[in-house]
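One structure is given below, encoded as structure tokens.
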Amino acid sequence: SLYVSEYFSQSAQKLAFYSWYGNAKLFHFRVPEDTVLLRWLLQASRGKGPECTSMEITVHFRYGAPPVINPLGTRFPANATVRPSYNISITLSSAVQNTTFVNVTTPAAGDWFIAAHLPEAAGRIEVKGFSTPCPYMFQADMFVLRLTDMPVLEPGVAMPQTIVSPAKPLHVKVFVPKHAAGMRFDLRSCVTSEQKACALRVVLGSITLPQSFQRIITCMGNVNCSLALDSPPWEKWLQIMVESLGAANASVSVEMLASFTACRPGSTSSFLNFSSLNQSQTGPRPGSTGTAGSSTLSTGEASRNASGQRSFCLQNQPVVREDLDVVSVRYRLLNGPSVPVNSFSPTLLLLNLNTGMDSGGSLVVSLLLNKTSVNLANATVVACVSAASPVLSLNATQNCSTAFFQGYPLSVSTSSAEAMLIVLYPQTDDWFLSLQLICSKGQGECNAAEAKVTIFAYLTPCFNDCGPYGQCSLLRRHGYLYAGCSCKAGWGGWSCTDDTKAQSVGAQNLATLLLTLSNLMFLPAIAVAVYRYYLVEASVYTYTMFFSTFYHACDQPGVAVMCIMDYDTLQYCDFLGSVVSIWVTILCMSRVKKILKYVLFVLGTLLIAMSLQLDRRGVWNMMGPCLFALVIMIAAWVYHGVKRRHCYPSSWKRWVFYLLPGITLAFIAISVYAFMETNENYYYTHSIWHVLVACSVAFLLPPRDKHKKPWAWSQKLTCRYQICQNDREELYAVT
């Protein structure tokens, strides 16, 4: 046999602490056909700085779709089926780098996904630039060993093969046709080169994670051994590996045979369905007796169909796949939303999810039983949702499983007429919905019964759009798109349905009131600025108070939200007003000439607006203007001190009662903003920041110029006397 090795690599990604699925870094690989060995090379590394500590990285694997993970231990939505992902842990302790290998023999061909993340996030809000987080990097590479000339086992044809040694197992493959109800694999005529009893191990199927359903049999002696499979995967290559358990140098000759049991499908006249679909778009054709949009059969045809149902192993219902948007599909039944279900053979619906871009959402299947259509009180409609092949034996075993897949069961009855199933991140494949009528006292009771079941099936990026306390985000890894829910207001879970730590409505209202009304503390600063003739500064404070109030009213995670304009606009104006307020306050304290002060006001505001557009959350957007303004203020104060030959400001009362309290409040505000804010205490720590900054501005504003008098409205309105004094009537004689 000729083996070919191939290597696939993707760029390293910086890991993040986990708070929602968007923090997990996804890697997407495609394993080629006829792969007999898959090896993952996982490389994790961290920085060398003192802020880097020992860390545990969790890596999840899954075949066919991104892994469904739950590191926080939250609840999934009701009716959602979750199977634990296969994961390993990589520890970075004293070593800066860790290399781990993961081997998978006979892996399934197709999409494979790896997701890596750090432990749960601490919830602390870090200001960008104040601290340097430790970088943790992760990279996944894939090595595959592929067999180029794998023998093909033809159905019904015995094929002799030889196993050279136990170190070189035999690999063959057989193609499973569509509508295959069962498969039988026989191993016979086993002869060893040492004329001893045969000892063989046969493995059917490929490994899929997190669950693998490989069928393994051990054949001992010279007797024939066989294995029967129900519902093998349709239209796929099935790998078979045979390895010798005998002596190291002994070869084994065997004969293999694969045979299939065909399933004869019944159809609900798809030609008439497409004709009726055509009529519903163009109107009824001349001479047609049926109603537009529905297919009607004559009484004779209906009776012939009913009598012929027993000869079919399934009844196909035509389904149209309608693509709506990215990871958004609706399945429409051509015969209407209701389908007939009987006890003779299962009713089958095909849900196509094999485009390669459908595995990043949630598949939702909803069943609704028409109670008037079933006249048996103890009858139940059993359903099964499975991938790769349908379940065709619901009436016999009621076991929702195929040869290599464990399906998802559903049931509706007169006592419970509704059922729903949510499959999170369904694997890329053809999915099938099988329905059959079951009677508790035996199938003979159901012979004359037929149930009508309304079926709704669709693929959505996020189930229920993450609810009122979540936001559905579309994530991307190279060309692959998938969706995840980002929860707020303490809610958690895959679809933001876990209210274990949720904030009450009262707490949400309190948070909104604190964050918005705390901005009213700028009113004293505005009053002081107006009283001291700092009208430009008062305008800036008014601007900051207004946009900070409505930005926080729009930024709330719960139901107490009010947005007067676009969220991004409110955020930008709030950040701009905050930084410009600090800028004009410090420049006002420097007591430079008015023309220079106003030039610096305008020039600084333009530069701040530019820097905020480049990086809105960078710490130097605030610290840069502050430090530059402080340099100007200190230079101006030194100039005034040297010129007057004494300390500036000269009054000790100015230092004790105004400057020192204002500086203290400003330092406390910066400390709260930079080091104390977390996701849990944000609403009151940030409110404290508002109060402290506003109060410090009121203390730090300098007194008005000495040549300006206080506001006195009676003195300002002096135009009455001047008008009367200078107004005289002059009469001219016209001759």
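Residue numbers (the UniProt record's numbering): 1 to 735. Yeah, the Cβ is synthetic: ideal placement off N, Cα and C, and Gly gets one too.
Separation of residue j from residue i, as counted between CA atoms
{"i": "residue 7", "j": "residue 101", "result": "14 Å"}
{"i": "residue 490", "j": "residue 428", "result": "33 Å"}
{"i": "residue 592", "j": "residue 620", "result": "25 Å"}
{"i": "residue 404", "j": "residue 549", "result": "58 Å"}
{"i": "residue 424", "j": "residue 210", "result": "14 Å"}
{"i": "residue 67", "j": "residue 585", "result": "53 Å"}
{"i": "residue 657", "j": "residue 48", "result": "48 Å"}
{"i": "residue 91", "j": "residue 30", "result": "27 Å"}
{"i": "residue 235", "j": "residue 185", "result": "17 Å"}
{"i": "residue 14", "j": "residue 20", "result": "16 Å"}
{"i": "residue 78", "j": "residue 58", "result": "27 Å"}
{"i": "residue 372", "j": "residue 233", "result": "37 Å"}
{"i": "residue 677", "j": "residue 481", "result": "33 Å"}
{"i": "residue 416", "j": "residue 573", "result": "54 Å"}
{"i": "residue 193", "j": "residue 253", "result": "8 Å"}
{"i": "residue 430", "j": "residue 349", "result": "10 Å"}
{"i": "residue 12", "j": "residue 115", "result": "12 Å"}
{"i": "residue 107", "j": "residue 512", "result": "53 Å"}
{"i": "residue 52", "j": "residue 552", "result": "34 Å"}
{"i": "residue 86", "j": "residue 22", "result": "19 Å"}
{"i": "residue 652", "j": "residue 699", "result": "15 Å"}
{"i": "residue 176", "j": "residue 170", "result": "19 Å"}
{"i": "residue 630", "j": "residue 583", "result": "9 Å"}
{"i": "residue 771", "j": "residue 665", "result": "Outside the displayed range of the chain (1 to 735) lies residue 771, so it cannot be described from this structure."}
{"i": "residue 333", "j": "residue 317", "result": "7 Å"}
{"i": "residue 319", "j": "residue 330", "result": "10 Å"}
{"i": "residue 261", "j": "residue 153", "result": "16 Å"}
{"i": "residue 109", "j": "residue 32", "result": "5 Å"}
{"i": "residue 28", "j": "residue 111", "result": "7 Å"}
{"i": "residue 660", "j": "residue 570", "result": "33 Å"}
Classification of residue i by the beta-carbon crowding that lies within 10 angstroms, buried from 16 upward
{"i": "residue 528", "result": "buried"}
{"i": "residue 4", "result": "exposed"}
{"i": "residue 610", "result": "exposed"}
{"i": "residue 667", "result": "exposed"}
{"i": "residue 460", "result": "buried"}
{"i": "residue 246", "result": "buried"}
{"i": "residue 625", "result": "buried"}
{"i": "residue 97", "result": "exposed"}
{"i": "residue 642", "result": "exposed"}
{"i": "residue 89", "result": "exposed"}
{"i": "residue 146", "result": "buried"}
{"i": "residue 606", "result": "exposed"}
{"i": "residue 142", "result": "buried"}
{"i": "residue 565", "result": "exposed"}
{"i": "residue 440", "result": "exposed"}
{"i": "residue 264", "result": "exposed"}
Residues sharing a beta bridge with residue i, DSSP
{"i": "residue 315", "result": "266, 347"}
{"i": "residue 431", "result": "351, 387"}
{"i": "residue 471", "result": "486"}
{"i": "residue 457", "result": "331, 365"}
{"i": "residue 501", "result": "Looking at the DSSP assignment, residue 501 forms no beta bridge with any residue, so it has no partner."}
{"i": "residue 652", "result": "DSSP, once it has assigned bridges, lists no residue as partnering residue 652."}
{"i": "residue 171", "result": "241"}
{"i": "residue 112", "result": "29, 63"}
{"i": "residue 144", "result": "6, 38"}
{"i": "residue 186", "result": "226, 257"}
{"i": "residue 165", "result": "168"}
{"i": "residue 452", "result": "340"}
{"i": "residue 203", "result": "216, 241"}
{"i": "residue 419", "result": "367"}
{"i": "residue 744", "result": "Beyond the ends of the chain as shown, which are 1 and 735, falls residue 744; an answer cannot be given."}
is_contact[residue i, chain B] using C-beta, thresh 8 Å
{"i": "residue 501", "result": "Chain labels in this structure do not include chain B; a single protein chain is all it has."}
Identify every run of the beta strand (DSSP E) within the region 331–386, keeping only runs that are complete inside it and at least 3 residues long; order them along the chain.
338–341, 347–353, 362–369
Counting Cβ pairs, one atom from each stretch, are 3 or more of them under 8 Å apart for the region 684–700 and the region 504–520?
yes
Beta strand (DSSP E) runs wholly inside the region 11–80, at least 3 long, in chain order:
25–31, 35–46, 55–63
Count the CB pairs spanning the region 527–544 and the region 566–582 that are closer than 8 Å, and state whether there are at least three.
yes
Would the region 123–139 and the region 45–60 be scored as touching if the rule is three or more Cβ pairs under 8 Å?
yes
Would you say the region 589–605 touches the region 630–637, given that touching needs at least three Cβ pairs under 8 Å?
yes
For the 8 Å Cβ check, are there 3 or more pairs between the region 114–126 and the region 211–227?
no
Do the region 445–465 and the region 323–341 touch if we need at least three Cβ pairs shorter than 8 Å?
yes
Report yes or no: do the region 405–415 and the region 383–394 share at least 3 C-beta pairs separated by less than 8 Å?
yes
Could you check whether the region 461–473 touches the region 361–369, counting it as contact only if at least three pairs of C-beta atoms, one from each stretch, sit closer than 8 Å?
yes
In the region 635–693, which residue ranges form an unbroken alpha helix (DSSP H) of at least 4 residues, counting only runs that do not cross its ends?
660–671
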